[in-house]
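Number of protein chains: 2
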Amino acid sequence: MLDTKDIQVLKLEEGTIVTPKGFKTAGVHAGLRYTKRDLGVVICDVPASCAAVYTLSHFQAPPIKVTKESIATENKLQAVVINSACANACTGQQGLLDAYEMRAETAAQFGIEEHLVAVASTGVIGELLQMDKIKNGIKMLQPTATKEAAEDFQTAILTTDLVMKKACYQTTINGKTISIAGAAKGSGMIHPNMATMLAFVTTDANIDSASLQIAMKEVTDVTFNQITVDGETSTNDMVLVMASGMAENEPLTPQHAEWKVFVHALHTTFEDLAKQIARDGEGATKLVEVNVTGAVSEVDARIIAKKIVGSNLVKTAIYGSDANWGRIIGAIGHSTATVNPDNVDISIGSIQMLKASQPIAFSEELAKAYLDNSEVVINVDLHIGDGFGTAWGCDLTYDYVKINASYRS
Amino acid sequence: MLDTKDIQVLKLEEGTIVTPKGFKTAGVHAGLRYTKRDLGVVICDVPASCAAVYTLSHFQAPPIKVTKESIATENKLQAVVINSACANACTGQQGLLDAYEMRAETAAQFGIEEHLVAVASTGVIGELLQMDKIKNGIKMLQPTATKEAAEDFQTAILTTDLVMKKACYQTTINGKTISIAGAAKGSGMIHPNMATMLAFVTTDANIDSASLQIAMKEVTDVTFNQITVDGETSTNDMVLVMASGMAENEPLTPQHAEWKVFVHALHTTFEDLAKQIARDGEGATKLVEVNVTGAVSEVDARIIAKKIVGSNLVKTAIYGSDANWGRIIGAIGHSTATVNPDNVDISIGSIQMLKASQPIAFSEELAKAYLDNSEVVINVDLHIGDGFGTAWGCDLTYDYVKINASYRS
């Protein structure tokens, strides 16, 4: 955890993925879905530094393979093209050829080299891309740096999401204003095995790809990976950061005096997007945040936080506004982390319910009133070390079942 | 896996936990619940050989501690007393004293030594037992070897279960008829963090406690532990076997010529009970069986089978009769087991949907018709070894959410 109290990071409510200098975007209806936009691009005026993290699934989809290959060439990207409606996963050799063709068509459309293009897909598994529609759609892409174009892009990447996810923050490095912005999709947050999580982040910070990867890994572990997306990963998950360098700060590396400022701003952007994904979980009515302190390590704290926020029984209790802390004990109890079973504290909001593993009296009425809020915070203190960690999720509702019992039809 | 084709194990539809010679039982309404029976006992005419497995939770409840202590004394048990409605978990020193008192009162009621009594509790966590009601209830226990008494016991141990779970099988060892029977409870099979799984098994086989523990461990790993109860364990889970020895076979040990016969009969009984628990999962409408073959090991096969059967997205798809094999791929993909992502076959029932990781055409209509059955079988072949394993679960429905959003109230 950074000591971040002196770092100023400002949220730009109106900012979008094209606020950082050098980026343009577009989103169109290519016809993969009935009426909604389904194809988008983010493009940079110059080859950008880049960093990415991918799904850990055994079954990485062809677009993941092609994107990895692009980045491996010279660690630069200038464009990323994304379609929704079809994940191009479990599509074998033809799927791989299609992902290459999607990359080639995008490169041709914008007159850039193929290895500067990343490809992402999200949607149903096991179906081939309708390449005629994809190719026509790519020809329709006319990126601009407008708010409208950003909204078109944010819409085009969604699947079962109810709302667009975007965030934009600014900070100052070497006296220069640095913008970081992102757009994301993902809504199957309750065990999101198949609900692809995609996030595309742009920045005008001047930073090389290797340093960007270091910063990204550090903040991904405590943000996107803490909404359980990595643990219950899809075939297509990807978080991609592109840095244009146009803010003209001195090159950022971990040795830069203001390195922590950049990392904190990136962290803030990632956390904002991750929480938006959790809040828009399929069927969700509440954002749930679990903070674990006093663990033997930060890894242990994060494991337990994620275990609690991932428990169906905790999620249903929160949906029912039921202060059933016994289910939190249950989730902690079967985690692999170190626990002293005789000294655990649990609070829901500011209402303490368990002290040294013993129930303490609390007002059920106040607890229910608190749990009726759209944001619920659970705090757990393990009292065995200094490790702390946070995870985010949502409640488990009738609508989750409804959405997922009929997703394909 | 045993070569079991020559072993005859017969199911006794009418058999109960008192079919094995030497056992009696009772179940009464002690007043912990409004009207249902809530306290039961199984007692043997003699100190019985015994074996047990317990929850792996960090927060083992006081009854688990007391039962372990009883068994540790001389590896014999003569009675087990069980209450529902209150788990006596997270109840600290008073909870432990209460569990001891429950043991002492039971020993006094039946004139046996305290260390021959096991104690089990299931229900809400964090509340103290109403010991006056427990003590009165114990005095009401009048065990008999009747079918009615068995039903009283089977009822008394239930919580949110909709149906009683019991099984009885017979086989022959040394020309003697051996009976094995059990009663079980547990219904929160979809992530059953808090849904205590209890199973009590009786047999009249002549077997020492150490051998019984060996047999029990072997079959628990492929039965009760494959309904995910151990992975998402409660504070109170327990499976307990008592053997009266009254069948008068030659003492069973792993060296006995018919050892495999006994193990197979125990396996059959455990599997029957485990499937009954899975089928009665909270809100469930379907029993789901997942068979994984071709894994590098049996452990890997069991991990993947359990991962698939535990996936919310697979469960909701089955509830919706949606042949969404992509979600099965998703569940396999993020398991820790070894997988060749290019050579996986998946069938639902007899309908193959994936061959060498590629989708193959199938009739959606036939698939939907199959998935409308109350039992659904998923078969996965990994084609990388000889390991196979099975897991059982159920679908995830609106009623699961309903039951668990309001469990305490």
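Read top to bottom, the protein sequences are chains A and B. All residue numbers in the first sequence are consecutive under numbering that gives the first Met the number 0, ending with 408. All residue numbers in the second sequence are consecutive under numbering that gives the first Met the number 0, ending with 408. Heads up, the beta-carbon is just placed ideally off N, CA and C, and yes, glycines get one too.
Item	Value
Suppose contacts are defined by Cβ-Cβ distances below 9 Å. Is alanine 144 (chain B) in contact with threonine 105 (chain B) by that definition?	no
Buried or exposed, going by whether 16 or more other CB atoms sit within 10 Å of the CB of proline 19 (chain B)?	buried
Assuming leucine 239 (chain B) and phenylalanine 199 (chain B) make a contact with CB atoms under 8 Å, what is their CB distance in whole Å?	5 Å
Give the interface partners of valine 123 (chain B) over in chain A, defined as CB-CB distance under 7 Å, in chain order.	Gly325
Using 8 Å for Cβ pairs, my map puts glutamine 398 (chain B) next to glycine 309 (chain B). What's the rounded Cβ distance?	The displayed chain sequence assigns aspartate, not glutamine, to residue 398 (chain B). That pair is no contact at about 18 Å.
Mapping the DSSP letters down to three states, classify glutamine 77 (chain A) as helix, strand or coil.	strand
If you drop the 5 nearest sequence neighbours on each side, which residues of the same chain put their C-beta closer than 7 Å to that of valine 8 (chain B)?	Tyr168, Thr170, His263, Ala264 and Thr267
I need the DSSP call for asparagine 173 (chain B), collapsed to helix, strand or coil.	coil
Mind checking whether leucine 161 (chain A) and aspartate 279 (chain A) have CB atoms under 9 Å apart?	yes
Spatial neighbours of methionine 0 (chain B) within its chain, please: C-beta separation below 6 Å, excluding the five flanking residues on both sides.	With a pLDDT of only 43 at methionine 0 (chain B), under 50, the local geometry of the prediction cannot be trusted, and the value read off the model is given with reservation. Once the five neighbours on either side are set aside, methionine 0 (chain B) has no close Cβ partner at all.
In the DSSP assignment, the alpha helix (DSSP H) including glutamine 93 (chain B) goes from what residue to what residue?	91-109
Does DSSP put isoleucine 350 (chain A) in a helix, a strand or coil?	strand
The alpha helix (DSSP H) with glycine 325 (chain A) in it runs from where to where?	324-332
Quick check on aspartate 131 (chain A): buried or exposed, where buried means 16 or more other Cβ atoms within 10 Å of its Cβ?	exposed
For a contact defined as C-beta to C-beta under 8 Å, what are the partners of cysteine 89 (chain A) on chain B?	Gly325, Ile328, Leu353, Ser356, Gln357 and Pro358
If we define contact as Cβ-Cβ less than 9 Å, is histidine 190 (chain A) a contact residue for chain B?	Because histidine 190 (chain A) sits at a pLDDT of 38, beneath the cut-off of 50, its placement in the model cannot be relied upon, and the point is left open.
Suppose you measure from the CA of threonine 201 (chain A) to the CA of glycine 181 (chain A); what does that come to, to the nearest Å?	6 Å
What's the gap between the Cα of proline 358 (chain A) and the Cα of glycine 125 (chain B)?	6 Å
Taking all protein chains shown into account, do 16 or more other C-beta atoms lie within 10 angstroms of the C-beta of aspartate 299 (chain B), making it buried, or fewer, making it exposed?	buried
Given a limit of 9 Å on CB to CB distance, which residues of the region 33-67 of chain B reach chain A?	Thr54, Leu55, Ser56, His57, Phe58 and Gln59
Taking buried to mean at least 16 other C-beta atoms within 10 Å of its own C-beta, is proline 142 (chain B) buried or exposed?	buried
What residues in its chain sit with their C-beta under 7 Å from that of isoleucine 302 (chain B), if we drop five residues either side in the sequence?	Ser334, Thr335 and Ala336
Can you tell me whether DSSP reads glutamine 153 (chain B) as helix, strand or coil?	helix
Applying the 10 Å Cβ sphere with the 16-neighbour rule, what's the burial state of lysine 165 (chain A)?	buried
At the level of alpha carbons, what is the spacing between leucine 32 (chain B) and alanine 84 (chain B)?	Looking at the sequence itself, residue 32 (chain B) is arginine, so the reference to leucine does not match. The straight-line gap from Cα to Cα measures roughly 6 Å.
Would you mind listing the beta strand (DSSP E) stretches within the region 5-63 of chain A that are 3+ residues and don't spill past its ends, in chain order?	22-27 and 38-53
Give every residue of the same chain whose Cβ lies closer than 6 Å to the Cβ of serine 296 (chain A), excluding the five residues on either side of it in the sequence, and list them in chain order.	Gly386
Cutting at 6 Å between CB atoms, please list the residues of its own chain near glycine 30 (chain B), excluding the five before and the five after it.	Lys132
Does the beta carbon of glycine 181 (chain B) sit closer than 9 Å to a beta carbon anywhere in chain A?	no
Can you give me the C-alpha to C-alpha distance between methionine 352 (chain B) and alanine 98 (chain A), rounded to a whole angstrom?	23 Å
Along the chain, where does the alpha helix (DSSP H) that runs through leucine 265 (chain B) open and close?	258-278
Rounding to the nearest angstrom, what Cα-Cα distance links alanine 103 (chain A) and leucine 211 (chain A) in this structure?	26 Å
Could one say the Cβ of glutamate 126 (chain A) lies closer than 9 Å to chain B's Cβ atoms, at least one of them?	yes
Whole angstroms are fine: how far does the CA of glutamine 275 (chain A) sit from the CA of methionine 214 (chain B)?	The amino acid at residue 214 (chain B) is misidentified as methionine; the sequence shows alanine. Cα to Cα, alanine 214 (chain B) sits roughly 50 Å from glutamine 275 (chain A).
With DSSP as the reference, please indicate the residues paired to aspartate 344 (chain B) in a beta bridge.	B:Asp380
Starting from serine 120 (chain A), trace the beta strand (DSSP E) in both directions and tell me its first and last residue.	116-120
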